[in-house]
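**Q** Every position in the sequence shown, counted from 1, becomes a number in our numbering once 96 is added. For glycine and all other residues, C-beta sits at the position ideal for the given N, C-alpha and C.
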Amino acid sequence: MKHFAKILIALSIVSVSMASCTKKDGTPAGLGNKFLEVNLYDQATLDEIFAKGTTAQRYLAHLYSFIPQDESINNRAGWVVARSDEAQFSWTQWVNYLTFREGNYSSATSVSYSGSVDTAEFLTWSKLYKGISQCSVFLDNIDKMQEFGNKTPEEISLLIRQMKAEAVFLRAYYYYCLFRQYGPVYLWKDENGDAITPDIKVDATSIERNTVQECFDFILSELDKSIADLPLHVGDYGEQAAGWLGRATKGAAMAVKARVALMQASPLYNGQNGTGLYDNFVSKSNGKKFFPDYDASKWEIAARAQKDLIDLADGGEYALMENTISDPNPMQVAASDYEAIFQKQWNSETIWGWWKRESSEYGSYVAGAGQIIVCTLANGLELAGYSGITPSLKLVDAFPMQATGRYPLQLGNMYQKTNDRLDYSKPNVDPLSGYKADGWTEDYEVPVNASWAPAFKAHNSTVGRDARYYQCLVPSGFPWPDKNRTNGTIFFSCYNSASCSSPWVSTGDANRVGYIWRKWYPTDRPLNDWSAYQMQVVYPSIRLAEIYLNYAECLIEQSAPDLAGACVYINKVRHRAGLNNIEAAYPGIDGDRNLLREALRMERMVEFNGETLRHYDCVRWMTAKEEYTTYNWTLKCSAPTLEEQYQRVNDDYVGGGNPTFTDRDYLFPIYSQHLAEMTNMTQNPGF
């Protein structure tokens, strides 16, 4: 079995045999309120837990439970989707999240969700350090395992080595998750530079964060250790563990390494594009500079990390989801291939992933629906969705034109500005793309997923786009992609009329942008049967398309660029979407480094829309300050007709201030309550 597999996130770690490892409030025993405080658990109990393979395995499963929920785009780690320029809130009441989108926050800002503070994972610091601590507890004790079913001592020894590699991998991943949000963090190590073991106490008042380079060196080194001992396939862990889909493998560790190495080479962490942004960001205790100077060789290091994984894929381990159906319509094939990435569990493109974990967030009447479905779909479509998060008009504008393969707007210069903010009502249309920003097409038929629907009148901006556009979005006035409708509703519409399937209202849940984000909705799945969604979707945290585009980026940015080679890997992703070569779409681009860079960035925005990568990309590229600062642009959803709705306005949105991003926002602040414990630690600039 070569794919990865099921993390038992919901395993009953808090069982009778493990009860002594968890306090009544649910936090790991010995951690207390100070997350850097470690007490040895009762030694006899630890010996008992780790001596038996079954309980040691449960402890290992517990280590996976700290993985941030990137798939939860409404809250938790996935909040960065709506923080970025690829999404727009439709909600007016979610002021906690709008506060961050507007940049109106400080190190003292807390987030309340479901009645409790610090559960929305804006503040991941304490949770991830608890995970790091638990990994170290595991590593310090797993050698005590003496029996595991009928395994021989040699088999147990091999399994211990593999389980250690899992814990090392997870600990490195948790450091990476801390780093991507806060920048340089404190590395919990002993005086020899090794990861801490639980018998070492830490005085929280004396610690200081490590430098960026120290963090990268440590994370990459730990990943290399895990790569050496992790099995290639989940089944290689042994018969009793073969069902753990989502468990770490060699490929998973290589994929995280590839992502970390790319981050290390990127502008924010590698010279800040010569801006001097962090020249004065130094330790308040020892004056050490946290950020390094530019080092061109880091692009070559990143390229090697991507290519190593590509070579593994080429050996038969992974492949893009392609030709998943037989259909004479190539657009339908491309759309179905893209859908299969997210709907076919543990498919060939998923290098590492996990089961979605937020299936019952919204109460019994939508239990099992999956939060991402409930929050993005519209009300009125057989059963209530909330349209809380929608695609931004900028994301809508990003998808290429199918015929020409060009992006609709000028690469690197999508919009004009008004008051130093990007103005989505003033697009700089690429005249060679074939895109029309205005006008209507009569008797239009959607090229994918709705051959059963009658022809309709479509706005020209929605016509002629690539297959991913129609697979990910439903514009107002388009048929809803479900031939099994039970309430007779064919078309999704969201303007101000009682005849709409999802009428606009000034308060409450309504679509206020004009487009539905339906990327995660399975085509032709009835919306009135929420049970059909329960635990049906796997989140592909890292997939092969990302590694291809990572490698293309490295080839563009390395000191001796290989633009032709970069095009090869960009084209692999484009071909799956049914598009022509990037060189055919933009003649001469394989000799134009700047233009190819912009095309690569646009392709990443489209391919990974809603997958949390956009925000972290814009941060590492240092483009967020330019790209996020705009107004709340929407279609005029308060208009009484479809025709009047298709105008872009910034005064129709009724919730929150305008999206804003400044230099300080590249790094998230360490929460003030944490700094009250860590009095020697330097806060991020601007907070």
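Taking just the CA atoms, how far does V664 sit from Y155?
**A** Here residue 155 refers to the residue found at position 59 when the sequence shown is read from its first residue. Here residue 664 refers to the residue found at position 568 when the sequence shown is read from its first residue. Rounded to whole angstroms, Y155 to V664 spans 44 Å at the Cα level.
**Q** What residue ranges within the segment 318–369 form continuous beta strand (DSSP E) runs of no fewer than 3 residues, ordered along the chain?
**A** Entirely contained in the segment 318–369, not one beta strand (DSSP E) run reaches 3 residues.
**Q** Which stretch, first to last residue, makes up the beta strand (DSSP E) that contains G684?
**A** For the purposes of this step, residue 684 is taken as residue 588 along the sequence shown, with counting starting at 1. G684 -> no beta strand (DSSP E), and no H or E assigned at all.
**Q** Quick check: does the Cβ of G530 come within less than 8 Å of any heavy atom belonging to the ligand HEM?
**A** The ligand HEM is absent from the structure shown, which contains no ligands of any kind.
**Q** Enumerate in chain order the residues of its own chain whose CB-to-CB distance from I238 is below 7 Å, with the five nearest sequence positions on each side excluded.
**A** What you label residue 238 is simply residue 142 of the sequence shown in a count that begins at 1. Here the set comprises F146, A152, I256, M259, K260.
**Q** Do L254 and G347 come within 9 Å of each other at the CB atom, strictly closer than that value?
**A** If you number the sequence shown from 1, residue 347 lands on position 251. If you number the sequence shown from 1, residue 254 lands on position 158. The answer is no: Cβ separation not under 9 Å.
**Q** Following the continuous alpha helix (DSSP H) through S593, name the residue where it begins and the one where it ends.
**A** Working through the sequence shown from its first residue, we reach residue 593 at position 497. That residue, S593, is in no alpha helix (DSSP H); it is neither H nor E in DSSP.
**Q** Can you confirm whether the segment 425–437 touches the segment 645–661 when touching is taken to mean that 3 or more C-beta pairs between the two stretches lie within less than 8 Å?
**A** As far as the Cβ criterion goes, the segment 645–661 does not touch the segment 425–437, which means the pair count is below three.
**Q** Let's test the definition: count the other Cβ atoms within 10 Å of the Cβ of I421 and tell me whether it reaches 16, buried, or not, exposed.
**A** As a working note, residue 421 is residue 325 in the sequence shown. Classification of I421: exposed, given that the 10 Å Cβ count is below 16.
**Q** DSSP beta-bridge partners for R639?
**A** For this step, residue 639 is matched to residue 543 along the sequence shown. DSSP lists T446 as partners of R639.
**Q** State the start and end residues of the unbroken beta strand (DSSP E) segment that holds R517.
**A** Stepping through the sequence shown from its first residue, residue 517 is reached at position 421. Here the beta strand (DSSP E) through R517 covers 517–523.
**Q** What span of residues does the alpha helix (DSSP H) with L492 cover, start to end?
**A** For the purposes of this step, residue 492 is taken as the residue at position 396 of the sequence shown. In the sequence under discussion, the amino acid at residue 492 is Val, which differs from the Leu named in the question. Counting along the chain, the alpha helix (DSSP H) containing V492 begins and ends at 489–494.
**Q** What residues are listed by DSSP as bridge partners for T730?
**A** Position 634 of the sequence shown, counting from 1, holds the residue named residue 730. In the DSSP output, where bridge partners are listed per residue, T730 has V745.
**Q** Going by DSSP, what residues sit across from Y511 in a beta bridge?
**A** Working through the sequence shown from its first residue, we reach residue 511 at position 415. According to DSSP, which records beta bridges pairwise, Y511 is partnered with P523.
**Q** DSSP on V544, reduced to helix/strand/coil?
**A** The residue labelled residue 544 in the question sits at position 448 within the sequence shown. Three-state result, V544: coil.
**Q** Tell me, to the nearest whole angstrom, how far the beta carbon of D747 is from that of C733; I am working on the premise that it is less than 8 Å.
**A** Counting from 1 along the sequence shown, the entry for residue 747 is found at position 651. Counting from 1 along the sequence shown, the entry for residue 733 is found at position 637. D747 to C733, Cβ: 12 Å. No contact.
**Q** If you run the structure through DSSP and keep just helix, strand and coil, what is D658?
**A** By 1-based counting over the sequence shown, the position of residue 658 is 562. In this structure, D658 counts as coil in the three-state DSSP scheme.
**Q** Can you grab the Cα-Cα spacing for the pair L224 / Y160, in whole Å?
**A** Reading the sequence shown from its first residue, position 128 is the one you call residue 224. Reading the sequence shown from its first residue, position 64 is the one you call residue 160. So the two alpha carbons sit approximately 11 Å from each other.
**Q** So for F185, helix, strand or coil by DSSP?
**A** Here residue 185 is taken as the residue at index 89 of the sequence shown, counted from 1. It is a strand residue.
**Q** Express the C-alpha separation of M350 and C322 in angstroms, rounding to a whole number.
**A** Start at 1 with the first residue of the sequence shown, and residue 322 comes out as number 226. Start at 1 with the first residue of the sequence shown, and residue 350 comes out as number 254. One detail in the question is off: residue 322 reads as Ser in this sequence, not Cys. Whole-angstrom Cα-Cα distance: 9 Å.
**Q** Go through its chain and collect everything with a Cβ distance to V378's Cβ below 8 Å, but skip five positions before and after it.
**A** Working through the sequence shown from its first residue, we reach residue 378 at position 282. If we look at V378 and ignore the five residues flanking it on each side, its Cβ neighbours are K384, K385, F386, T778.
**Q** Can you find at least 3 beta carbon pairs, one from the segment 489–501 and one from the segment 672–686, that sit closer than 8 Å?
**A** Enough Cβ pairs lie closer than 8 Å, so yes.
**Q** From the DSSP output, read off the bridge partner residues of I612.
**A** Position 516 of the sequence shown, counted from the start, is the residue given in the question as residue 612. Per DSSP, V570.
**Q** Report yes if the CB atom of L505 is closer than 9 Å to the CB atom of V525, and no otherwise.
**A** Here residue 505 refers to the residue found at position 409 when the sequence shown is read from its first residue. Here residue 525 refers to the residue found at position 429 when the sequence shown is read from its first residue. Going by C-beta atoms, L505 is nearer than 9 Å to V525.
**Q** Would you tell me roughly how many angstroms separate the C-alpha atoms of Y365 and R693, rounded to the nearest one?
**A** Here residue 365 is taken as the residue at index 269 of the sequence shown, counted from 1. Here residue 693 is taken as the residue at index 597 of the sequence shown, counted from 1. Spanning the two alpha carbons is a distance of roughly 18 Å.
**Q** Can you name the start and end residues of the alpha helix (DSSP H) that K226 belongs to?
**A** Within the sequence shown, numbered from 1, the residue matching residue 226 stands at position 130. That run of the alpha helix (DSSP H) goes 221–237.
**Q** Exposed or buried, what is D562 when buried is set at 16 or more other beta-carbons lying within 10 Å of its beta-carbon?
**A** If you number the sequence shown from 1, residue 562 lands on position 466. Looking at its Cβ environment, which holds 16 or more other Cβ atoms inside 10 Å, D562 is buried.
**Q** Tell me which same chain residues have a C-beta within less than 7 Å of the C-beta of D519, skipping the five on either side of it?
**A** Position 423 of the sequence shown, counted from the first residue, corresponds to residue 519. Counting only Cβ-Cβ distances below 7 Å, and skipping sequence neighbours, we find Y511, Q512, K513.
**Q** Just to confirm, are T301 and T730 a CB contact at a threshold of 9 Å?
**A** Numbered from its first residue, the sequence shown carries residue 301 at position 205. Numbered from its first residue, the sequence shown carries residue 730 at position 634. Their beta carbons are not under 9 Å apart, which means T301 does not touch T730 by this criterion.
**Q** How big is the Cα-Cα spacing for M359 and W548?
**A** Counted from its first residue, the sequence shown places residue 359 at position 263. Counted from its first residue, the sequence shown places residue 548 at position 452. Taking the straight line joining both Cα atoms gives about 46 Å.
**Q** Select from D423, V601, T500 the residue whose C-alpha is nearest the C-alpha of P683.
**A** Here residue 683 is taken as the residue at index 587 of the sequence shown, counted from 1. Selected option, being the one with the closest Cα: T500.
**Q** How long is the line joining the alpha carbons of P765 and P249, rounded to whole angstroms?
**A** Numbered from 1 along the sequence shown, position 669 holds the residue referred to as residue 765. Numbered from 1 along the sequence shown, position 153 holds the residue referred to as residue 249. Roughly 48 Å between the two C-alpha positions.
**Q** Taking 6 Å as the limit between beta carbons, can you name the residues of its chain near E304, skipping five residues before and five after?
**A** The residue given as residue 304 occupies position 208 in the sequence shown. Answer for E304: S379, S381, N776, M777, listed in chain order.
**Q** Starting from F764 and walking both ways along the beta strand (DSSP E), at which residues does that stretch end?
**A** Your numbering for residue 764 matches position 668 in the sequence shown. Premise fails: F764 is in no beta strand (DSSP E) and is neither H nor E.
**Q** By how many angstroms is the C-alpha of N646 removed from the C-alpha of I586?
**A** Reading the sequence shown from its first residue, position 490 is the one you call residue 586. Reading the sequence shown from its first residue, position 550 is the one you call residue 646. Between I586 and N646, the C-alpha separation is close to 40 Å.
**Q** Starting from A399 and walking both ways along the alpha helix (DSSP H), at which residues does that stretch end?
**A** Residue numbering aside, residue 399 sits at position 303 when the sequence shown is read from its first letter. Note, A399: alpha helix (DSSP H), 393–408.
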